[in-house]
Amino acid sequence: MISEDVKLDYDDVLIVPDKSPIASRKQVDLEKRVAFGERAGAEFIGVPIMAANMDGVGTTAMADALRRHGIFTCLTKFHTAAELAEFFNGTSERGDFTAATIGISDEDLQKFVDAENRAKGRIKYACLDVANGYTNRFLNRVKKFRAMFPKVVVIAGNVVTHEQTTRLIEAGADIVKVGIGGGSVCETRVKTGVGYPQFSAIQECVHSAHRIGKAIVADGGCTVPGDVAKALAGGADFVMLGGMLAGHPEGGGTVISRFFHTDEVDECGKPIIEKREFVEFYGMSSKTANEKHFGGLQNYRSSEGRTVLIPFRPSLDDTVVDLLGGLRSTCSYVGAEKIGQLPEKSSFVRCNNTHNKVFQDLD
């Protein structure tokens, strides 16, 4: 069976400007409220962006740095119970902007139990993370976790269809993670042929989630601040970022130096050598991640992630300021005084080319 409906990605749409009462970007309020009913984290109040639970992004240092900007972080699943407890016991504000991440093994569940006990109820958010959110095993794990922790806000995924979004919510998810194969270091679509254009996935999944009073986080596919704006304007309650927040000191990782010949020469006529610094970044289903965390890639599976060197970026604040500045500007173009108004204020036009790339490689 083939669906004949056209499905769209971020590169297939642009937001249409409209009459706006906003005289300055300073007037735009990027703080959003998302309610979770009876949960311990009953209400999120902050910028609706989440740092991904990936190596190089989902660290405790990143969580502390982003929290100062009102941005949420999902820690990697490789923190120990002791490390999680120490982090969440540090200050109550960490619990408002950080999720502990676990997989679906019994060991992962026990780790969360231990961490929660040691943290004395300060862990308000849990991210139940798997690459394939369509298995019965995952649904059953979400149900079991919900029964054990009725007060914890559950982020669960990943899926890309409205049917499975509904099933995860019925199993106990408060926020469904939407996106398969769109990440900058993900090769799932290359290796498996499985996926869904991200913009359409957002619009279809958010409809099912909002109908039941729940939320989604758009995970993967954003390469520039404009993509984040399109995701939020398309209805996503949150946007999860990996590659856009990678390469900073807060993400950890070794800084790697490389030397390159330039087209210039010094006063003696010798070629000028330029030093550049990079950080290794990889997908969590990559060979690199499997070797680091699981003793190697098993012979029954293939690597579904890339390992790349990305430029080292010394200032996370500069990256965040650029991102949030872009979102404020989006809101000013459509007349949204608050970022939560973006979906109702935005309309889209389909296109074949979103921006001029002639000098893109010079940045």
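Just so we're aligned, residue 72 is where the sequence shown starts under our numbering, counting upward by one.
Even for Gly, the Cβ is constructed at its ideal location relative to N, Cα and C.
Predicted model only: the values in this text are computed from it and were never measured.
| Asked | Found |
| --- | --- |
| Could you compute how far the alpha carbon of Arg110 sits from the alpha carbon of Lys222? | 4 angstroms |
| By the DSSP assignment, the alpha helix (DSSP H) with Asn188 in it spans what residues? | 177-189 |
| Three Cβ pairs or more, each shorter than 8 angstroms: is that satisfied between the segment 400-420 and the segment 92-100? | yes |
| Arg139 and Arg165 - do their beta-carbons sit closer together than 8 angstroms? | no |
| Which class does Leu137 belong to by DSSP, given the choice of helix, strand or coil? | helix |
| Could you give the distance in angstroms between the alpha-carbon of Gly469 and the alpha-carbon of Gly291? | Coverage of the chain is limited to positions 72 through 434, which leaves residue 469 absent and any answer about it impossible. |
| Determine the contact status of Phe352 and Gly129, defining contact as a CB-CB distance below 8 angstroms. | no |
| Is it true that the CB of Ala307 sits closer than 8 angstroms to the CB of Val295? | no |
| Between which two residues does the beta strand (DSSP E) harbouring Asn229 extend? | 224-230 |
| Count the other CB atoms, across all protein chains shown, that sit within 10 Å of the CB of Gln269; report buried if there are 16 or more and exposed otherwise. | buried |
| Residues in the same chain with beta-carbon distance under 8 angstroms from Leu413, minus the five sequence neighbours each way, listed in chain order, please. | Ala300, Leu303, Ala304, Thr401, Cys402, Val405, Ala407 |
| Please classify Thr206: is it buried, with 16 or more other beta-carbons within 10 angstroms of its beta-carbon, or exposed? | exposed |
| Which same chain residues, not among the five before or five after Val265, have their C-beta less than 7 angstroms away from its C-beta? | Ile251, Gly252, Thr259 |
| By Cβ distance, which residues of its chain are closer than 8 angstroms to Val391, with the 5 residues on each side in sequence left out? | Leu137, His140, Ile142 |
| Are Val118 and Leu368 touching if we call contact CB-CB under 8 angstroms? | no |
| Can Arg208 be considered in contact with the ligand PLP, in the sense that its beta carbon sits closer than 7 angstroms to one or more heavy atoms? | Questions concerning the ligand PLP fall outside what the structure shown contains, since it holds no ligand whatsoever. |
| Alpha carbon to alpha carbon, how far is Asp179 from Phe220? Give it in angstroms, no decimals. | 14 angstroms |
| Below 8 angstroms, can you find three or more Cβ-Cβ pairs linking the segment 318-329 to the segment 338-352? | yes |
| Is Val256 closer than 8 angstroms to Gly228 when the C-beta atoms are compared? | no |
| Does the beta-carbon of Arg372 have 16 or more other beta-carbons within 10 angstroms, so that it is buried, or is it exposed? | exposed |
| Please confirm whether Cys422 and Asp83 have their CB atoms less than 8 angstroms apart. | yes |
| Could you check what DSSP says for Glu154 in three-state terms: helix, strand or coil? | helix |
| How should Gly254 be labelled, buried or exposed, when 16 other C-beta atoms within 10 angstroms of its C-beta is the threshold for buried? | buried |
| Would you mind stating whether Leu210 and Thr172 have Cβ atoms separated by less than 8 angstroms? | no |
| Helix, strand or coil for Thr130, going by three-state DSSP, please let me know. | coil |
| Which of the three DSSP states is assigned to Ile240 in this structure? | helix |
| Could you give the distance in angstroms between the alpha-carbon of Ile410 and the alpha-carbon of Gln235? | 27 angstroms |
| Which one of Ala123, Lys182, Glu275 has the shortest CA to CA distance from His233? | Glu275 |
| What is the rounded straight-line gap between the Cα of Asp245 and the Cα of Ala134? | 21 angstroms |
| Arg246 by DSSP, collapsed to three states: which one? | Just to set this straight, residue 246 is Ile in the shown sequence, not Arg. Reduced to three states, the DSSP call for Ile246 is strand. |
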